[in-house]
Amino acid sequence: MDAEIARFRWRTWAIGGGLLTVAGLLIFSPLSWLAPLLAVASAVVFAVGIGRGGSVVGTTPLGRVALITVAVLIAFVAPGLEQLAVASMFLSYRGNIHPEVILVVSGVLLLLLAIIGIALASIAGVRIGRAGVVPRPWAWLPLPLLLGGVVASLLKAAITSVSALSWMAAFSQEYAVLSMVQIGGTVMLGLVALGLGAREYFRAPDAAPRVPAEAAHPHGARPGTPLMARSEVATARFRWIAWAIGGALLIISGLLLLPQLDDVSREAGLGPGILSVVAAAVFAIGPTHGASITRRRPAGTVAILVCAVLLAAAPAPIERALGDLMFAGLFGTDPGVATIKSIIIGFVAVGLLTALVAAVSVGRAGVLPRLWAWVLLVFMSGSVLIAAAKIVAVGAGLYIWDSPFSAEWSELFGDIQVAGAVIVGIAVVVFSVVERSRAVAPASEPSLVH
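Each residue of the sequence shown is one higher than the last, beginning at 1 in full-length UniProt numbering.
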């Protein structure tokens, strides 16, 4: 493949995947109005491409138009029908339009949009799969996700229409599930595009060869050549698999912190704290000694696990203790207040100490680039400080009844926790894809191993 085309492709996938991932994550934020714009912009980037050969659907105009039109339908047309249904509710209430007429018109519109949307999604997905630009099996992933996005968006519009005209919040749980399916598919597709872009970047023809040509030998690699030993290849495989799993768990644990997903996490029995502890165990212990980011050295491994358990288990009991003091009418007079303050200070001290020990251990282990040791230090210490600040905000809200200031700060700290876990999780997943592209198995190099 031409070096220029490879460069255009990884740029297309990186920019389009980044826009799509951010669009999915912004839906639950105050900037949710940006999500549809970013989603459509991502579709335009994927369809048109950044330079020659960058389009994921090839050079055919039909595929490009289909992909962009599907994105507009999902991002703007279907939500517009929901707004139209709410407006029609007030018209029917005033007696200007009969509700049955609105239902019939809405049903016809939804049916037409379903036919058009499914047809265009099928065309776009098949074009991507057959264009040969995106490597398989990833090339066929957009087809089910585009079809699912069209169906989910139109079903949400239908639920909104029925609920508005009946003046009832019907199928609210089904609506929430469909929303989560859309968000999950959007973020998944964006992460896959980011990973493919990172892999293409390191596999571009103009990149430095990972194994020099002089390393070839009819009986295997010569002594002193940079070819990985089989054990090192196995370690590299375990590393990227562990990091991909740990990063995915971090992303899910961050999303489960959203208030909109409280019911989902409660019914599934998987709180964000449990998943974050499991992610920490995957990173610290790893499937093998070489896959552990601390090389299973006791100090660093224990520090990571202690900090994860502390963040998962400590804040809730401390908040409950503050609530008990408030309801008992002992706030400010009982010695228990001083005890709670000491516990919060101890929570911060232990958390920062474990973060520092973990970062130093990861940096000395040499498994990750030294930059990641700083990332780990910032992430762990920041998580401890944000958790402590959130506890203080909750306590202030209990002390000052119905204090909007403390409620806003508590919500802000919660959003920061979500953003931190998701961003670090995405970075780890992308890094795992890069690490996978760098791992060269001896069996995959027929010119080197016979």
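For glycine and all other residues, C-beta sits at the position ideal for the given N, C-alpha and C.
Integer Cβ distance of residue 78 from residue 157, believed to fall under 8 Å: One-based indexing of the sequence shown puts residue 78 at position 78. One-based indexing of the sequence shown puts residue 157 at position 157. 5 Å between Cβ atoms; contact.
Residues near residue 155 by beta carbon distance below 6 Å, same chain, minus five either side: In the sequence shown, residue 155 corresponds to position 155, counting from 1. Within the same chain, residue 155 has close Cβ partners 178.
Taking contact to mean 3 or more Cβ pairs, one atom from each stretch, closer than 8 Å, check whether the region 109-116 and the region 188-195 are in contact. no
Only counting the same chain, and skipping five residues up and downstream in sequence, which positions put a Cβ closer than 7 Å to that of residue 75? Position 75 of the sequence shown holds residue 75. If we look at residue 75 and ignore the five residues flanking it on each side, its Cβ neighbours are 36, 39, 40.
Leaving out five residues on either side along the sequence, give the residues of the same chain with a beta carbon under 8 Å from the beta carbon of residue 82. Against the sequence shown, residue 82 aligns to sequence position 82. So the list reads 156, 157, 160, 161, once near-sequence residues are dropped.
Three or more C-beta pairs below 8 Å linking the region 373-380 and the region 312-319: no
Close beta carbons around residue 363, own chain, < 6 Å, minus the five adjacent residues each side: By 1-based counting over the sequence shown, the position of residue 363 is 363. So the qualifying residues of the chain are 370, 373.
Nearest-angstrom Cα separation, counted from residue 346 out to residue 294: Locating residue 294 in the sequence shown gives position 294, where the first residue counts as 1. Locating residue 346 in the sequence shown gives position 346, where the first residue counts as 1. Computed Cα separation, rounded: 25 Å.
Quick test of the definition: if touching needs 3 or more C-beta pairs under 8 Å, does the region 145-153 touch the region 8-25? With a cut-off of 8 Å on Cβ pairs, the region 145-153 is not in contact with the region 8-25, counting fewer than three such pairs.
Do residue 189 and residue 141 have their C-beta atoms within less than 8 Å of each other? If you number the sequence shown from 1, residue 189 lands on position 189. If you number the sequence shown from 1, residue 141 lands on position 141. Against a cut-off of 8 Å, the Cβ pair of residue 141 and residue 189 comes out as a contact.
What three-state label does DSSP hand residue 133 in the structure shown? Indexing the sequence shown from 1 puts residue 133 at position 133. Note: residue 133 maps to coil in three-state DSSP.
Buried or exposed: which applies to residue 341, given that a residue is buried once 16 or more other Cβ atoms fall within 10 Å of its Cβ? Here residue 341 refers to the residue found at position 341 when the sequence shown is read from its first residue. Classified as exposed, residue 341 has fewer than 16 neighbouring CB atoms from the shown chains inside 10 Å of its CB.
Quick check on residue 32: does DSSP put it in helix, strand or coil? Within the sequence shown, the letter at position 32 stands for residue 32. Residue state, collapsed to three classes: coil.
Identify, in the order they occur along the chain, each residue of the same chain with its Cβ nearer than 6 Å to the Cβ of residue 421, setting aside the five sequence neighbours on each side. Residue numbering aside, residue 421 sits at position 421 when the sequence shown is read from its first letter. Here residue 421 has 250, 253, 254 as same chain residues with Cβ atoms under 6 Å from its own Cβ, once five neighbours each way along the sequence are excluded.
Once DSSP output is grouped into helix, strand and coil, what is the label at residue 53? Walking along the sequence shown from the start, residue 53 turns up at place 53. Reduced to three states, the DSSP call for residue 53 is coil.
Boundaries of the alpha helix (DSSP H) in which residue 369 is found, first to last residue: As a first step, residue 369 must be located in the sequence shown, where it is residue number 369. Membership of residue 369 in any alpha helix (DSSP H) is not indicated, and neither H nor E is assigned to it by DSSP.
Own chain residues within Cβ distance below 8 Å of residue 248, not counting five before or after: Within the sequence shown, the letter at position 248 stands for residue 248. Only residues of its own chain outside the window of five on either side were considered, and among them 425, 429 have a CB closer than 8 Å to the CB of residue 248, listed in chain order.
Could you tell me the boundaries of the alpha helix (DSSP H) in which residue 286 lies? The count along the sequence shown starts at 1 and reaches residue 286 at position 286. Element bounds for residue 286: n/a, residue is neither H nor E.
Where does residue 273 sit, in a helix, a strand or coil, going by DSSP? Stepping through the sequence shown from its first residue, residue 273 is reached at position 273. The answer is helix: DSSP assigns residue 273 an H, G or I state.
Whether or not the region 48-55 and the region 122-129 are in contact is what I'm after, with contact meaning three or more pairs of Cβ atoms, one per stretch, closer than 8 Å; do they touch? no
Whether residue 434 touches residue 237 by CB criterion (8 Å): To locate residue 434, count along the sequence shown from 1; it is residue 434. To locate residue 237, count along the sequence shown from 1; it is residue 237. No. Outside cutoff.
Residue 109 to residue 13, Cα distance in whole Å? Here residue 109 is taken as the residue at index 109 of the sequence shown, counted from 1. Here residue 13 is taken as the residue at index 13 of the sequence shown, counted from 1. Distance between the alpha carbons of residue 109 and residue 13: 34 Å.
Express the C-alpha separation of residue 244 and residue 130 in angstroms, rounding to a whole number. What you label residue 130 is simply residue 130 of the sequence shown in a count that begins at 1. What you label residue 244 is simply residue 244 of the sequence shown in a count that begins at 1. Computed Cα separation, rounded: 28 Å.
Is the distance from the Cβ of residue 388 to the Cβ of residue 376 below 8 Å? To locate residue 388, count along the sequence shown from 1; it is residue 388. To locate residue 376, count along the sequence shown from 1; it is residue 376. Taking 8 Å as the cut-off, the beta carbon of residue 388 is found no closer than this to the beta carbon of residue 376.
Within 10 angstroms of the Cβ of residue 239, are there 16 or more other Cβ atoms? Answer buried if so, exposed if not. Taking the first residue of the sequence shown as position 1, residue 239 is located at position 239. When all chains shown are included, residue 239 counts as buried.
Are residue 291 and residue 235 close, meaning C-beta to C-beta below 8 Å? The count along the sequence shown starts at 1 and reaches residue 291 at position 291. The count along the sequence shown starts at 1 and reaches residue 235 at position 235. Cβ atoms of residue 291 and residue 235: closer than 8 Å.
Element boundaries [alpha helix (DSSP H), containing residue 63]: Residue mapping note: residue 63 aligns to position 63 of the sequence shown, counting from 1. Run containing residue 63: 61-72, per the alpha helix (DSSP H) assignment.
Spatial distance of residue 279 from residue 246 (CA atoms): On the sequence shown, residue 279 is found 279 positions in, with the first residue counted as 1. On the sequence shown, residue 246 is found 246 positions in, with the first residue counted as 1. Each residue's Cα considered, the two are about 5 Å apart.
What separation, rounded to the nearest whole angstrom, lies between the Cα atoms of residue 213 and residue 185? Along the sequence shown, one-based indexing puts residue 213 at 213. Along the sequence shown, one-based indexing puts residue 185 at 185. At residue 213 the pLDDT is 40, less than 50, meaning the model places this residue with poor confidence; the figure from the coordinates comes in the next sentence. Distance from the CA atom of residue 213 to the CA atom of residue 185, rounded to whole angstroms, is 42 Å.
On a CA-only basis, which of 309, 300, 297 is nearest residue 275? Give me that one, please. Taking the sequence shown and counting its residues from 1, one reaches residue 275 at position 275. With distances taken between Cα atoms, residue 275 lies closest to 309.
Kindly indicate the opening and closing residues of the alpha helix (DSSP H) around residue 77. If you number the sequence shown from 1, residue 77 lands on position 77. For residue 77, no alpha helix (DSSP H) segment is defined, and its DSSP state is neither H nor E.
Kindly give me the distance between the Cβ atoms of residue 55 and residue 133, rounded to whole angstroms, as I take these residues to be in contact under 8 Å. For the purposes of this step, residue 55 is identified with residue 55 of the sequence shown, where counting begins at 1. For the purposes of this step, residue 133 is identified with residue 133 of the sequence shown, where counting begins at 1. Indeed they touch by this definition, with Cβ atoms about 7 Å apart.
Is it the case that the Cβ atoms of residue 352 and residue 392 are separated by a distance below 8 Å? As a working note, residue 352 is residue 352 in the sequence shown. As a working note, residue 392 is residue 392 in the sequence shown. Taking 8 Å as the Cβ cut-off, residue 352 and residue 392 do not qualify as a contacting pair.
Reducing DSSP to helix, strand and coil, say where residue 245 ends up. Numbered from its first residue, the sequence shown carries residue 245 at position 245. Residue 245: helix per DSSP, three-state reduction.
Judging by CA-CA distance, which residue of 289, 87, 120 is the nearest neighbour of residue 106? For the purposes of this step, residue 106 is taken as the residue at position 106 of the sequence shown. When each option's Cα is compared against that of residue 106, the closest is 87.
Integer-rounded CB distance, given that residue 286 should sit under 8 Å from residue 361: Taking the first residue of the sequence shown as 1, we reach residue 361 at position 361. Taking the first residue of the sequence shown as 1, we reach residue 286 at position 286. The Cβ separation is near 13 Å, so there is no contact.
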